[in-house]
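**Q**
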Amino acid sequence: MNVTGNELAGQKVRIYPVTRIQGRADIEVLFDPHHNVAEARFRALDYRGTDRMAVGMPAQRVPQVLSTACGVCGPFHKLASCMAVESACGTRVPAAAGTLRELICWLLLASSHLATITYCALPDFALPTSDAAVKNVTGIYMVDQEFVSRLSHAMTAIYDTLDIIAGNRFRIPVILPGGVSRLPAPSEIETASALLASCEDELRETVRLAEMLTRRESRMMETGTPLPGSYMCSVTDGLAALLGTEVATAPFAGGEPRALSFDEFLSSLVEEEIDWTFVKPLTVDGFDCQLVGPLARVNMGFGEDTPLAAMERARLLEQWEHPLDSEFFFLMSLALEAVWAWEKAKRLLSSISYDGECWTSLAPAAGAGRAVIDSPRGLLVHQVELDALGAVSDYRVCSPLQFNYKTLNEHLTSVAARTVGGIDIGESAAARLQMAVRSFSPCVPCGTH
Amino acid sequence: MYVSTVALGACGGCEASLLAAGEPLVSLLSEHDIGFSSLLVDRRSITPSDVVLMSGCVRNAEELRLAEEVARTSRKIVAVGTCAVYGGVAGLRRLEIERSQDEDVLPRVFAEARPLDQVMSVEMYVPGCPPPTGILFETVKALMEGVQPLRHDATVCSECDRRVARRGPARAVSSSSGPASGEGVCLLNESLLCLGPVTRGGCNASCPSVGTVCSGCRGPSDAVLSSQLHSLYSDMVSCVARTTGARRDKVAAQVEGMLDVVYTYTACDPVAMFKVRGKVPRG
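Protein chains in written order, with the numbering used here: chain A, 1497 to 1945; chain B, 4 to 286.
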């Protein structure tokens, strides 16, 4: 339905559904008696209870079930679940398996970001003032077929690489509790390397286009609503990493990042339950609200081993100062991270072994385990408790949307206060509110699991 | 022609698989009209469509209302993904909600997941968790061109390169999550409970090809669905016994202890569960 009329005696307006995001959600704008915006809420309307499905299951079966917590980031859930089970069993996976898993993560990050750019983010930036009927990927295709074609080529080349390396682009059957089922053959590595090499030009162009559109967008739209709180991601040696060694957080207002060990981080997580959404927001005790995901990682910084991404990031920070604290950097951060992930994947592919141990059997026993990783949309935590028979007695997932939830709603409220003039919300204001939501890349299936 | 997509109680994997088709899909869609699709276009009302791709099972009151509205206004409904076709993983457990459910605020969550055809008439099924990108795209293309999509009625085994080994001493079949140890040997010969013989193909045996068992995500094969018992369990027991040379009654007893593995994706489907209702542990 379109933006509906008022409900509850003119106090609340609902925008349903929020479009170009994963999952079903709405935005509720609540008004005070003078019809000024009191609050804007992003509400998730879908709940499947995937973590509850795991309770009672043998530990080794859990990753298969938890991979369905989210179809888009499913492989990250599967990997986090494997790592949590391995940690509960005290199992160390062979080094070659660790490398292959990391390679798969980078490929998934790149492909996921390219898909998000193509279908969800680009229409807001490329066709900002267009009618809803054409503000989508087919609208862009009609205007600039060549660009969609090149983006699509990069995306499908990386998906094809995943099919070769991992067996299947979405199920990633090669990842198992205890390691991986096999290492790629030399011929497969050669084919995968050629596929990755074939998308360099497209990725560079994507960054250029994202930069150009970001510059135009930041001029066109009011940018006076900086993101509140802190940004946060997993890090290794203080730099953003997908499979990092600790978590770091730094305030948008400026200041040095503070590192937290995984144990410190997990013990300081506070989960809330709210009656108007299926998402349970998470905060880190002692900190204000957080932002996780691409923009957080770009702010934290890339290493020297990805020179192209580091150079592009430096160019970006020359134009707009660190930290990047506006939602309009969303597209840019996706494009930058696609290049970052592609460089990491290329590097790992050239050093991967195709011989040796890649799997260790698990001996499940009573214990607890956890995994903290960064997924395309941000920090992801899986925690498991096993009973004496090795069955799951408790399972907990903390997803990116839960971490971002307070920041998202705080930001949404401030955007609504500036753009909504009275209780009749027009299409352009509704579009603006949805764009604010999209800049957090919310994944509802992940968020409510 | 108007094509639409709707995700009910879904993880989003089916849509992601479709979108992974890239430019051919965008090109196809730009030649037609997208009716409604919250993932692709900003249109927010349910409008009449010729083809609607529906993923996910029905898990709450809002999804039921949405499904009924789509059924009223659309011509062909395609159930996309194993959740829509068989209930999928969501059917593994009953979901008891502790929090108070105010239906004016949030949709009421149902304890049981329901496959799509329990609440509406479905024209076509495209199972898979998620369905392979190629199959999904070809199905959409065929429907939009007004031709019948290709049927994938063989089993995963028929697409698998692994060969059945000469029978050795029969070992107990296991639901271990470990990888295959023998290069190119059928996983059943390695005593792993691979569901390839009873699962619909079309995936190029992507799991067995990298040394892991087929978990049955594409649902029962045509042979299982058209058999007298249409029972995954019964057909699986026959396949394991035939392949390994073990006695059928022994295999039956072993597999009966692993029914939750056999029915991971079909636990709430009334047809697939017909003969084993009550045997699969459901919390």
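Heads up, the beta-carbon is just placed ideally off N, CA and C, and yes, glycines get one too.
Pairs of beta-carbons, one from the region 1884–1904 of chain A and one from the region 1859–1872 of chain A, closer than 8 Å: are there three or more?
**A** Yes: the two stretches touch, three or more of their Cβ pairs being nearer than 8 Å.
**Q** Pick helix, strand or coil for B/Gln151, following the three-state DSSP scheme.
**A** In the structure shown, B/Gln151 sits in coil (DSSP, three-state: anything other than H, G, I, E or B).
**Q** Does the Cβ-Cβ distance between B/Leu95 and A/Met1549 come in under 8 Å?
**A** Yes, the Cβ-Cβ distance between B/Leu95 and A/Met1549 is below 8 Å.
**Q** Using a cut-off of 8 Å between C-beta atoms, extract the partners of B/Cys132 located in chain A.
**A** The answer, in chain order, is Thr1564, Arg1667.
**Q** Is there a Cβ from chain B that is less than 8 Å from the Cβ of A/Pro1513?
**A** Cβ-Cβ to chain B under 8 Å: yes for A/Pro1513.
**Q** Relative to chain B, which residues along the region 1641–1666 of chain A have a C-beta separation below 7 Å, given in chain order?
**A** So the list reads Val1644, Ser1645, Ser1648, Met1651, Thr1652, Tyr1655, Gly1663, Asn1664, Arg1665, Phe1666, given in the order they occur along the chain.
**Q** Which residue from A/Thr1909, A/Leu1876, A/Thr1944, A/Glu1833 puts its Cα closest to that of A/Ile1613?
**A** Answer by Cα proximity: A/Glu1833.
**Q** Starting from the beta carbon of A/Val1568, find every residue of chain B whose beta carbon is closer than 9 Å, and list them in chain order.
**A** Correct list: Cys14, Gly15, Gly16, Glu18, Ala19.
**Q** Just the Cα atoms here: how many angstroms apart are A/Leu1739 and B/Val44?
**A** Straight-line Cα distance between these residues: approximately 34 Å.
**Q** Taking Cβ positions, are A/Glu1698 and A/Ile1660 nearer each other than 8 Å?
**A** Their beta carbons are not under 8 Å apart, which means A/Glu1698 does not touch A/Ile1660 by this criterion.
**Q** Counting along the chain, where does the beta strand (DSSP E) carrying A/Val1877 start and finish?
**A** Note, A/Val1877: beta strand (DSSP E), 1874–1882.
**Q** Do we get a CB-CB distance below 8 Å when we pair A/Lys1776 with the residues of chain B?
**A** Not an interface residue.
**Q** Who are the neighbours of B/Gly205 on chain A, taking C-beta pairs under 9 Å?
**A** Ordered by position in chain A, no residue passes the 9 Å Cβ test against B/Gly205, which lies about 12 Å from the chain.
**Q** What do you get for A/Asp1870, buried or exposed, if any count of 16 or more other CB atoms within 10 angstroms of its CB means buried?
**A** By the neighbour-count rule (16 or more Cβ atoms within 10 Å), A/Asp1870 is buried.
**Q** Beta carbon of A/Cys1729, beta carbon of A/Val1788: below 8 Å?
**A** Yes, Cβ-Cβ distance for A/Cys1729 and A/Val1788 is below 8 Å.
**Q** Buried or exposed: which applies to A/Pro1554, given that a residue is buried once 16 or more other Cβ atoms fall within 10 Å of its Cβ?
**A** Its Cβ being crowded by 16 or more others within 10 Å, A/Pro1554 is buried.
**Q** Show which residues of chain A have a CB atom less than 8 Å away from the CB atom of B/Arg46.
**A** What B/Arg46 touches in chain A: Thr1515, Ala1628, Ala1629.
**Q** Which residues bound the beta strand (DSSP E) around B/Lys79?
**A** That run of the beta strand (DSSP E) goes 77–83.
**Q** Are the CB atoms of A/Asp1821 and A/Pro1722 nearer to each other than 8 Å?
**A** Contact flag set, yes.
**Q** On a CA-only basis, which of B/Gly260, B/Glu259, B/Gly25 is nearest B/Phe140? Give me that one, please.
**A** Taking only the C-alpha atoms, the option nearest B/Phe140 is B/Gly25.
**Q** Could you check how far apart the C-beta atoms of A/Arg1590 and A/Glu1853 are, in whole angstroms? I think they sit under 8 Å.
**A** At residue 1590 of chain A the sequence reads Pro, which differs from the Arg that was named. Indeed, because the Cβ distance is near 4 Å, the residues count as touching under 8 Å.
**Q** With C-beta atoms as the reference, is B/Val265 less than 8 Å away from B/Val258?
**A** Yes; because the gap between Cβ atoms is below 8 Å, this pair is in contact.
**Q** Can you give the Cα-Cα distance for B/Arg280 and A/Thr1732, rounded to whole angstroms?
**A** Its pLDDT being 44, under 50, B/Arg280 is placed unreliably by the model, and the measurement read from it follows with that caveat. Going from the Cα of B/Arg280 to the Cα of A/Thr1732 covers about 50 Å.
**Q** Buried or exposed, going by whether 16 or more other CB atoms sit within 10 Å of the CB of A/His1609?
**A** With 16 or more other Cβ atoms within 10 Å, it is buried.
**Q** Among A/Glu1642, A/Val1893, A/Phe1824, whose alpha-carbon lies nearest the alpha-carbon of A/Val1933?
**A** The residue with the shortest Cα to Cα distance from A/Val1933 is A/Phe1824.
**Q** Have a look at B/Leu232 and B/Asp238 and give me their C-alpha separation to the nearest angstrom.
**A** Straight-line Cα distance between these residues: approximately 9 Å.
**Q** Using only alpha-carbon positions, find the residue among B/Gly131, B/Cys86, B/Ala183 that is nearest to B/Asp272.
**A** That would be B/Cys86, whose Cα lies nearest to the Cα of B/Asp272.
**Q** For A/Asp1855, list the residues DSSP reports as bridge partners.
**A** The sequence given here has Trp at residue 1855 of chain A, not Asp. Looking at the DSSP assignment, A/Trp1855 forms a beta bridge with A/Gly1675.
**Q** Could you spell out the range, first to last residue, of the beta strand (DSSP E) harbouring A/Ser1730?
**A** 1726–1732 is the span of the beta strand (DSSP E), which, as asked, contains A/Ser1730.
**Q** Got a sec? Which residues, its chain only, sit under 7 Å from A/Glu1800 by beta carbon, not counting five neighbours each side?
**A** Around A/Glu1800: Ala1806.
**Q** A/Gly1545 touches chain B at which residues, Cβ-Cβ below 7 Å?
**A** Correct list: Leu98.
**Q** Taking the CB atoms as reference points, tell me whether B/Ile80 and B/Glu18 lie closer together than 8 Å.
**A** No, these two residues do not count as a Cβ contact at 8 Å.
**Q** How would you list, in chain order, the residues of chain B whose beta-carbon sits under 7 Å from the beta-carbon of A/Gly1943?
**A** Simply none; closest approach about 11 Å.
**Q** Would you tell me roughly how many angstroms separate the C-alpha atoms of A/Asp1528 and A/Ala1593, rounded to the nearest one?
**A** Whole-angstrom Cα-Cα distance: 56 Å.
**Q** Quick check on DSSP: helix, strand or coil for A/Asp1495?
**A** Past the boundaries of the shown model lies residue 1495 of chain A; chain A is included only from 1497 to 1945, so the question cannot be answered.
**Q** A/Lys1574: which of A/Ala1606, A/Leu1812, A/Leu1623, A/Gly1674 sits nearest, CA to CA?
**A** The residue with the shortest Cα to Cα distance from A/Lys1574 is A/Gly1674.
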